[in-house]
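Here the structure comes first, spelled out in structure tokens, and everything after it is commentary.
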Amino acid sequence: MNWFETFRAGAEAVRAHRLRSVLTMLGIVIGISSVILTVGLGQGAQDQVRQQISALGSNLLIVSPGSSTDSSGLRGGFGSASTLTLQDATAIGDDSVVPDAARVAPTTSTSTALAAGETNWTSSVVGTTTSWLDVRARDLSAGRFFTEAEVEQAADVVVLGPDTASELFERGSPVGQTVTVDSTPMTVIGVLESSGASSSGTSEDDQAVVPISTAKRLTGTATSSVSTIYVEAASADALTAAYQEINALLLTLHGVGADEADFSISTQDSLVETANSTNETLTVLLGGIAAISLLVGGIGVMNIMLVSVTERVREIGLRKALGATPRVIRRQFLVEASLLGFTGGLVGVLVGVVGAQVLPGLIDQPVSISLVATLGAIGTALALGIGFGVYPASRAARLTPIDALRSE
Amino acid sequence: MSGIIELEGVRKTYRSGSIEFEALRGIDTTIAEGEYVAVIGPSGSGKSTLMNILGCLDTPSEGRYLLAGEDVSQMGEAQLAEVRNRRIGFVFQQFNLLAMLPAWRNVELPLVYAGVPRAERRERAVAALGRVGLADRIDNRPGELSGGQQQRVAVARALVTEPAMILADEPTGNLDSQSTTDVLALLDELHAAGRTIVLITHEHEVAARASRNLVIRDGAITSDEPVGALA
């Protein structure tokens, strides 16, 4: 009996018990599609993080305050202290101290209620200097950014993010209009271009940028503390040098040793790495659960194949009486099991690919499916079918024709 | 005289734990080509065991069995499968047709295992169905055929490989009297055409159609006579 005949016999047996075959495949389908989707979700999340972080700017160093311990001994995480100051930013901007830093943008950030006429919107108000636009690699879609003079005068001007602008002004250009920021009326002088990072989950497009001096006046803080200092290195090659220069400078300015640093400096790469390590853990976890469901699907195939062997004892006996050798019988049942696995795998991939199209619309998460993962999934399904088919098949092959024919 | 089937001192012992049961206690017989032999005996006489050994579904514990000159008593499972395929055409009481396949695909099954090419298989299967009078039923599934027709499909399947022997195990046990008459007439025809037929039965009317009756009781042949003498 050649392979073609074996395949035909297997396919006929699968077709003869349609409902049962479909239910058996369902286990594999669910397993494969969930593996594909979880891996795709993990990959999609990583891509998104990379995109968002690269949209921050290029050759960027991000200096954040360190952890704080208040008088009662309560400790806060990194970023909770207000150890960074405008003076730090100015020092970093000094070319003789940090020659590898091209531009510096200190920022403060508070969440504040904005109003335009009857419309309210709460957004993050970012106070910064003129270099912010270049450091963060942003563009304007309308109007202009504020000037050095406006920073010095703490002028009441504001540049809106595109989302903020559309929330506050449904139609017409916001430039020239007035927005009340925390009860201070301000003139809108420009609107930012969208950051280009994935539209959701970021505040990059929903913010109001004001001169840092204006922000200080608004919040009523006399201190010169800032929440983040963005530094653009002169080039990609200068990143490491800039990092070391800033680190040494801030340690000196703050008068602390290297192991008690009250600030942290991250690069885009390190941010990507940190974000992805969380994602990876989650992907491995979910992928593991999906893999277990795939295993359960495989056991389902074995279960049904064993039932099938028991149920078709007479058929096996007859085939043997007519001249089928044990090897031919084993092959027939193996082919049947692998057909179940393979077809289940194909359908599973299909469901996964369709899911990858539909899911981002539902849960607002990108899903990216790789060809390698897809081929791997089909291969796994086939291997599951064969692997879990071996035992039922050899049981069928071992049946003696007399016992098989005698059974009722 | 050398026959197509030669049994010499064939014994079969079954062991179940410490209990031994001797189903066949030394069978010696020869069946010549073209003979129509009925093996008769009550249940428990050993006739089923004899049929299993004759059909190469089982091997004797002792003794020799030559089928068409080939000693099959020491063969392994795969070899026996090949001998069954080439030399023996089975007809069972339960028909044993595959319900999902049309008549002609049931008939071609032994040829599939023999490795006969596709086109030739169909041709031979259709011819065999014609021999049993079912030329117009080749595409029907077993469920669409009467019991007698199903058994005729089974006979066609037994014929299709041109075997040395047709081994029929109670072929009329599940049939009404009309179908019984049909199937027995078909066997008569095959006999007349020179086929070697071994029929296992417990019905004397059925056995009476054969040319020779082997009566078996308690694992041994108690009578071996041409049918005329028995009547």
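Protein sequences, first through last, are from chains L and C.
According to UniProt numbering, the first sequence holds residues 1 to 408 in order.
According to UniProt numbering, the second sequence holds residues 1 to 231 in order.
From the three backbone atoms N, C-alpha and C, an ideal C-beta is built for every residue, glycine too.
| Query | Result |
| --- | --- |
| Can you find at least 3 beta carbon pairs, one from the stretch 289-306 of chain L and one from the stretch 36-48 of chain C, that sit closer than 8 Å? | no |
| What residue range does the alpha helix (DSSP H) around L:ILE59 cover? | Position check: residue 59 of chain L holds Asn in this sequence, whereas Ile was assumed. Looking at the DSSP string, L:ASN59 is not in any alpha helix (DSSP H), and its letter there is neither H nor E. |
| Is the CB of C:MET100 under 7 Å away from at least one CB in chain L? | yes |
| May I ask you to report which of helix, strand or coil DSSP gives L:THR147? | coil |
| Roughly how far, in whole angstroms, is the beta-carbon of L:VAL231 from the beta-carbon of L:ILE92, given that I think they are within contact range, below 8 Å? | 6 Å |
| When you check each C-beta in the stretch 109-136 of chain C against every C-beta of chain L, which residues fall closer than 8 Å? | LEU109, PRO110, VAL112, TYR113, ALA114 and GLY115 |
| With the cut-off set at 7 Å, would you say L:ALA105 and L:VAL125 are in Cβ contact? | no |
| Tell me the residue span of the beta strand (DSSP E) that contains C:PHE95. | Unbroken run through C:PHE95: none, as it is neither H nor E. |
| Across which residues does DSSP place C:PHE21 in a beta bridge pair? | C:TYR14 |
| In or out: L:GLY361 buried (at least 16 other Cβ within 10 Å) or exposed? | exposed |
| Beta-carbon of L:ALA275 versus every beta-carbon of chain C: anything under 7 Å? | no |
| To which residues does DSSP link L:VAL159 through a beta bridge? | L:GLY190 and L:VAL209 |
| Which bits of chain C does L:ARG327 rub up against, with CB to CB less than 8 Å? | ALA78 |
| Looking at the C-beta of C:ALA81, does it have a partner C-beta in chain L at a distance below 7 Å? | yes |
| Please report the Cβ distance between L:THR122 and L:ALA116, rounded to the nearest whole angstrom; I am assuming they are in contact, meaning their Cβ atoms lie under 8 Å. | With a Cβ gap of about 13 Å, L:THR122 and L:ALA116 do not count as contacting. |
| What does the Cβ neighbour count give for C:GLU144, buried or exposed, with the cut at 16 atoms within 10 Å? | exposed |
| Verify whether the separation of the beta carbon atoms of C:LEU214 and L:PRO401 is less than 7 Å. | no |
| Can you check DSSP and say which residues form a bridge with C:GLU62? | C:ARG11 |
| Spatial neighbours of C:TYR36 within its chain, please: C-beta separation below 6 Å, excluding the five flanking residues on both sides. | HIS191, ILE197, ALA210 and SER211 |
| Below 6 Å CB to CB, which residues in the same chain sit around C:MET51 once its five sequence neighbours on both sides are set aside? | ASP169 and ILE200 |
| For a quick check, are the C-beta atoms of L:THR119 and L:LEU160 less than 7 Å apart? | no |
| Does DSSP put C:GLU70 in a helix, in a strand, or in coil? | strand |
| Could you spell out where the alpha helix (DSSP H) holding C:ASN85 opens and where it closes? | 77-87 |
| Using the three-state DSSP reduction, which class does L:PHE169 fall into: helix, strand or coil? | coil |
| State the beta-bridge partners of C:LEU214 as determined by DSSP. | C:VAL39 and C:ASP224 |
| Identify which residue in L:GLU260, L:THR252, L:LEU249 and L:SER266 has its Cα closest to the Cα of L:LEU239. | L:SER266 |
| Taking a Cβ distance cut-off of 8 Å, strictly less, list which residues of the stretch 42-71 of chain C are near chain L, in chain order. | ASN52, GLY55, LEU57 and ASP58 |
| With a threshold of 8 Å, are at least 3 pairs of Cβ atoms found where one atom belongs to the stretch 171-179 of chain C and the other to the stretch 148-155 of chain C? | yes |
| With burial defined as no fewer than 16 other Cβ atoms inside 10 Å of the residue's Cβ, what is the status of residue 247 of chain C: buried or exposed? | Given that chain C is displayed from residue 1 to residue 231, the structure contains no residue 247 of chain C and the question cannot be resolved. |
| Are there three or more Cβ pairs, one per stretch, closer than 8 Å when the stretch 18-37 of chain L is compared with the stretch 345-353 of chain L? | yes |
| Whose Cβ in chain C lies nearer than 7 Å to the Cβ of L:GLU336? | The contacting residues do not exist; L:GLU336 stays about 13 Å from chain C at best. |
| Is C:PRO60 buried or exposed, if buried means 16 or more other CB atoms sit within 10 Å of its CB? | buried |
| Strictly under 7 Å for the Cβ-Cβ distance: is L:PRO392 near chain C by that measure? | no |
| Taking contact to mean at least 3 C-beta pairs separated by less than 8 Å, is the stretch 34-53 of chain L in contact with the stretch 275-283 of chain L? | yes |
| Do you know offhand how far L:VAL226's Cα is from L:ARG144's? | 24 Å |
| Going by DSSP in three states, L:ASP364 sits in which element: helix, strand or coil? | coil |
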